[in-house]
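K.L.:
Structure below; questions to follow.
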Amino acid sequence: VAMGAAGALWLTFEEFRHRRTKAERQGERFWRLLQELVSALEQEEARAHVDHLRRESANAHAFDASKAEVLGRFMGPVFHQNGVDQAWMDAHMPYYLEDPEIARLAERLGELCSLGTLGPLAAEKGRCVVAAGLEGEAARLNGEKGVLRSYSEAGESYEVAFVLKDLGSVSVSLPVSSLTLLTVEEVLESIQQQLGVVALPEVQAIVHRLRTECKSQSLFLHRRQGLDAAILKPVFERHGVDSKWYAHITSAVGSKRPEVLERAKRVEDLLAYTSGDPEHPLHAAADAWQPAPRRPLEERARVRPHEQLWEVVDG
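For what it's worth, the numbering used here labels the leading residue of the sequence shown as 5, then goes sequentially.
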């Protein structure tokens with residue numbers, strides 16, 4: 005019995021040692037993968053391609069949308085040689101971050117794959133800021149929303165792009181002390197406030213005319229593109245985002261704040277083919293429509309094939 009118990013303990017210890025050794029081997033494999041990826045992206049050619057993409061990208065969203073193709077040229081061969089892919093690495097990363105060396109390599113890899121930050125604000129290119137405290141000719145920018153474009157260490161200032169009502173798009177160099185970063189929620193709130201311009205009588209007059217002249221929703225949306233470019237696009241550009249970002253953030257924030265969805269719905273109704281008002285003529289016409297009664301089966305059996313096809317479509 006004693007020998008049997010000792011044997012069982014020995015086997016248990018052997019299994020434990022084997023498992024520990026296997027875990028260590030997996031950790032070493034993961035460490036080696038990260039080291040090879042970092043080395044690949046630190047090559048001069050890789051850095052040149054990524055830096056070019058950073059300069060060309062207006063914001064982090066644009067950078068992330070384009071980086072897969074650029075990074076894939078240098079990371080792809082490393083993944084292939086190790087028999088894994090990006091998804092495998094991302095899924096296993098949390099299990100190995102307790103290792104200081106792996107955590108260091110993971111942080112470095114993240115830096116090489118990201119848009120990076122600008123200056124003392126530690127903000128990504130394309131972040132929305134609001135100007136304040138400016139004097140002289142620049143005082144007209146106080147309260148205006150702008151977008152970070154670059155940072156000059158020599159001048160200790162940011163280049164900020166503004167979309168002004170009277171001047172259009174302008175870029176101005178401003179000191180760090182005059183700029184405040186806006187949070188995602190603050191950007192969304194500012195956009196929704198400025199989109200309230202669609203309720204102005206002159207804007208609604210244009211929308212009403214388009215509704216009256218267009219016989220279909222597709223034609224209405226096509227002709228509304230000019231209005232969108234004149235009214236909606238400048239609001240998004242002023243905050244460094246686009247309509248896709250707005251739709252995504254509205255949905256995310258609106259899940260916790262119903263008033264956000266209500267404001268977005270109001271803007272949609274004001275610009276829609278139908279106004280959202282049950283009394284609107286197009287709604288009344290839709291409610292009054294009734295399908296034509298189908299003919300009895302014996303009558304439909306006697307019609308020619310092309311007549312039967314049209315009846316199926318109508319029904």
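Where is the CB? At the ideal position from N, CA and C, for every residue including glycine.
Check whether the Cβ atoms of Val-191 and Val-245 sit closer than 8 Å, and answer yes or no.
P.N.:
Residue numbering aside, residue 191 sits at position 187 when the sequence shown is read from its first letter. Residue numbering aside, residue 245 sits at position 241 when the sequence shown is read from its first letter. Yes, they are a contact pair.
K.L.:
Report yes if the C-beta distance between Phe-166 and Val-180 is below 8 Å; otherwise report no.
P.N.:
Locating residue 166 in the sequence shown gives position 162, counting from the first residue. Locating residue 180 in the sequence shown gives position 176, counting from the first residue. Not a contact, by the Cβ cut-off of 8 Å.
K.L.:
Leaving out five residues before and five after Pro-238 in sequence, what residues of the same chain have Cβ atoms less than 6 Å from its Cβ?
P.N.:
Here residue 238 refers to the residue found at position 234 of the sequence shown. Excluding sequence neighbours, Pro-238 sits near Val-167.
K.L.:
Alpha carbons only, please: which of Thr-254, Gln-197, Gln-221 and Leu-178 is nearest the one belonging to Gly-140?
P.N.:
What you label residue 140 is simply residue 136 of the sequence shown in a count that begins at 1. Comparing Cα positions, the closest option is Leu-178.
K.L.:
Give me, in chain order, the residues of the same chain whose beta-carbon lies closer than 7 Å to that of Thr-184; leave out the 5 immediate sequence neighbours on both sides.
P.N.:
For the purposes of this step, residue 184 is identified with residue 180 of the sequence shown, where counting begins at 1. Val-133, Val-134 and Ala-136.
K.L.:
Between Glu-172 and Glu-241, what straight-line distance do the alpha-carbon atoms span, to the nearest angstrom?
P.N.:
Counting from 1 along the sequence shown, the entry for residue 172 is found at position 168. Counting from 1 along the sequence shown, the entry for residue 241 is found at position 237. For the sequence presented, residue 172 should be read as Gly rather than Glu. Taking the straight line from one Cα to the other gives about 11 Å.
K.L.:
Can you tell me whether Arg-267 is buried or exposed, with buried defined as 16 or more other CB within 10 angstroms of its CB?
P.N.:
Here the question's residue 267 lines up with position 263 in the sequence shown. Its Cβ being crowded by 16 or more others within 10 Å, Arg-267 is buried.
K.L.:
In angstroms, rounded to a whole number, what distance separates the CA positions of Ala-158 and Leu-109?
P.N.:
In the sequence shown, the residue the question calls residue 158 occupies position 154. In the sequence shown, the residue the question calls residue 109 occupies position 105. One Cα belongs to Ala-158, the other to Leu-109, and the distance between them is close to 31 Å.
K.L.:
Hey, Gly-31 and Asp-103 are a contact pair by Cβ (cut 8 Å); roughly how many whole angstroms apart?
P.N.:
In the sequence shown, counting from the first residue as 1, residue 31 sits at position 27. In the sequence shown, counting from the first residue as 1, residue 103 sits at position 99. Correct: roughly 6 Å between the Cβ atoms.
K.L.:
Name the DSSP beta bridge partners of Thr-184, please?
P.N.:
By one-based count along the sequence shown, residue 184 stands at place 180. Bridge partners of Thr-184: Val-134.
K.L.:
Just to confirm, are Arg-153 and Glu-163 a CB contact at a threshold of 8 Å?
P.N.:
By 1-based counting over the sequence shown, the position of residue 153 is 149. By 1-based counting over the sequence shown, the position of residue 163 is 159. In this structure, Glu-163 lies closer than 8 Å to Arg-153 by Cβ.
K.L.:
By Cβ distance, which residues of its chain are closer than 8 Å to Cys-218, with the 5 residues on each side in sequence left out?
P.N.:
What you label residue 218 is simply residue 214 of the sequence shown in a count that begins at 1. Taken in chain order, the residues that qualify are Phe-224, Arg-227 and Tyr-277.
K.L.:
Taking 7 Å as the limit between beta carbons, can you name the residues of its chain near Leu-41, skipping five residues before and five after?
P.N.:
Numbered from its first residue, the sequence shown carries residue 41 at position 37. Around Leu-41: Met-79, Val-82 and Leu-113.
K.L.:
In whole angstroms, what is the alpha-carbon distance linking Gln-229 and Gly-200?
P.N.:
One-based indexing of the sequence shown puts residue 229 at position 225. One-based indexing of the sequence shown puts residue 200 at position 196. Roughly 18 Å separates the two Cα atoms.
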